[in-house]
Structure formats: C-alpha cells, structure tokens
Amino acid sequence: MNIGIVVAMEKEFNPIANSLSNRDSRAQGHFSITWGNLGPHHVIAILAGIGKVHAALGTTLLIYHARPDCILSIGCSGALSSDLHVGDIVAANEVAYHDVWCGEGNAYGQVQGCPPRFACLAELTARFTASGEVKREGLFVSGEYFIPSHPMLRDLNARFSNPLAIDMESAAVAQTCWIEGYPFAALRAISDTPGQPILNPTEQYLHFWENDADNAFGTIMNIIKNI
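This is the structure we're talking about:
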C-alpha cells in the first residue's frame with residue numbers, strides 16, 4: 085500500500101521519518117517531505133505545519149504529487165474522554181470541526197455544503213483497532229485552539245456526543261480528502277488530558293514530549309506497518 089501521512093510539527097515528523105527504511109527527502113516550498121519503506125508499505129510523509137490551512141495545503145500536495153492509496157492524519161492530541169491517559173493511542177472513526185458555525189440549517193461544526201462529520205475509512209480504522217494497540221476509537225474534533233479551557237470543554241461535550249480527542253488538523257485533512265475523493269483515517273497519541281481538572285495539561289504535554297513520545301510514535305508506526 086502507498087500511504088500518505090500528514091504531520092503538523094517537526095517533533096511529530098522526525099520519529100515518523102526515522103522509522104522508514106531506504107528513505108529520502110526534499111523540500112517543497114514551505115513543506116518538508118520524506119518517503120521510504122515501512123514493512124510492506126511505501127510511505128510518503130509531509131511536514132505541513134500547525135493548523136487547518138497548513139493541513140489542507142499539505143494534504144493537497146500529497147494528493148496531486150504522490151497519489152497515495154490513502155492519507156492518514158498522524159500526531160498527538162488532547163483527550164476528551166475521561167478513560168484516556170497520556171501515551172494512549174486512539175483512532176478516529178469520524179472527525180468534525182469544533183470551531184465552525186455556518187448558521188441555521190447547518191449542524192454545529194459543519195462547513196455548509198459538506199457533511200457534518202467526515203467519515204474515516206472503516207477498513208483502515210478496523211485494522212488499527214485489531215492491532216490491540218489502540219485504546220479507543222471514536223470522534224475527533226479539530227480547531228485552532230490549544231488545550232481547551234473548562235468552559236470550552238463543557239461546550240464541546242454539549243455539542244458533540246462523547247467526543248474522544250481534540251487536535252488542530254484532522255478535520256482539515258479529512259475535508260480535503262472528502263473533496264478529492266480520497267480514503268482518510270486518523271491515528272493519534274494522547275499528549276494531555278485537559279478534561280481532568282486535577283491535572284495540568286500544559287505540564288502533561290511537556291512531560292509527554294520528554295518521556296512518552298518516542299514510545300507512542302513507535303507504536304503508531306508499528307500499527308501502520310502491520311495493516
């Protein structure tokens with residue numbers, strides 16, 4: 085399988101790139117691209133940058149220049165479910181925006197003219213879950229806000245039914261894939277748990293990068309290797 089991977093940050097990108105054999109890389113304008121082999125698969129990964137515009141542009145570049153069989157949104161995310169812990173791996177079965185409102189006649193989070201939620205390719209998500217390494221699968225919500233406040237978390241839980249995780253790119257990658265007719269899936273490592281009031285999510289996030297990230301991204305790449 086030819087797999088495209090969209091990544092936001094260099095510290096997410098490096099362990100992904102380093103897991104590839106026979107790898108090569110180049111710059112493409114703003115973006116860094118690395119490709120190589122991962123078990124039976126050929127992987128091309130793009131360091132797109134943080135946020136929705138970067139994610140959409142990076143996804144478009146992959147689609148038109150690499151023509152992969154599917155595109156994955158990979159990185160870290162905050163937990164919205166109380167049973168998740170730092171270092172857990174989660175998979176999306178659908179994704180939505182948490183910061184979009186197009187007015188009456190649209191669901192909250194729906195870009196008018198698009199579905200309220202973007203479905204992930206069920207076959208890929210099932211393969212992720214079958215690995216035994218994925219703690220949960222469910223709804224990811226995306227928007228340009230880092231570590232939500234508690235009032236925002238209450239709003240998210242009121243507007244969405246049991247959202248699993250929050251990030252800044254997956255919905256934009258999914259929307260681009262939906263427009264272009266490309267299979268999409270998302271796999272993320274939990275870096276912080278903003279919904280748990282006794283814990284400091286900023287400290288959790290920093291601790292994740294110091295202590296848990298290498299193992300988490302190694303697990304993610306092993307899951308992808310074996311799909």
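Going by my numbering, 248 is the number at position 164 of the sequence shown; the sequence numbering is gapless. Glycine is no exception: its CB is placed at the ideal position from the N, C-alpha and C atoms.
For the beta strand (DSSP E) holding residue i, just list the boundary residues, first then last.
i	result
valine 137	It is not in any beta strand (DSSP E) - valine 137 instead sits in the alpha helix (DSSP H) that spans 136 to 150.
tyrosine 192	Counting along the chain, tyrosine 192 falls outside any beta strand (DSSP E), and DSSP gives it neither H nor E.
asparagine 284	Run containing asparagine 284: none; DSSP gives neither H nor E here.
phenylalanine 115	115 to 122
In terms of residue numbering, what span does the alpha helix (DSSP H) encompassing residue i cover?
i	result
tryptophan 262	254 to 264
histidine 234	234 to 243
aspartate 298	297 to 309
isoleucine 100	94 to 102
Nearest to residue i by CA position, among the options, is which residue?
i	options	result
leucine 141	Gly279, Gly265, Val257, Pro267	Val257
proline 152	Arg272, His291, Pro267, Asp296	Pro267
threonine 277	Cys204, Ala249, Ile304	Ala249
serine 161	Ile155, Cys154, Val170	Val170
isoleucine 382	Val90, Ile100, Pro200	Shown here, the chain extends from 85 to 311; a query on residue 382 therefore has no answer.
alanine 150	Ile263, Ala206, Gln288, Trp119	Trp119
isoleucine 274	Arg238, Met236, Lys309, Phe301	Phe301
Measuring CB to CB, does residue i end up less than 9 Å from residue j?
i	j	result
serine 103	alanine 176	no
valine 59	isoleucine 117	For the chain, the structure presents residues 85 to 311; residue 59 sits outside this window and is missing.
I believe residue i touches residue j by the beta-carbon criterion, under 8 Å. Please report the beta-carbon distance rounded to the nearest angstrom.
i	j	result
phenylalanine 202	glutamate 178	6 Å
glycine 159	arginine 272	6 Å
proline 247	leucine 164	5 Å
serine 166	glutamine 280	7 Å
glutamine 259	cysteine 204	Not confirmed; about 13 Å, so no contact.
Inter-stretch contact (C-beta, 8 Å, three-pair minimum) for the region 180 to 193 and the region 217 to 235:
yes
Pairing CB atoms from the region 91 to 99 with CB atoms from the region 126 to 135, are three or more of them under 8 Å?
yes
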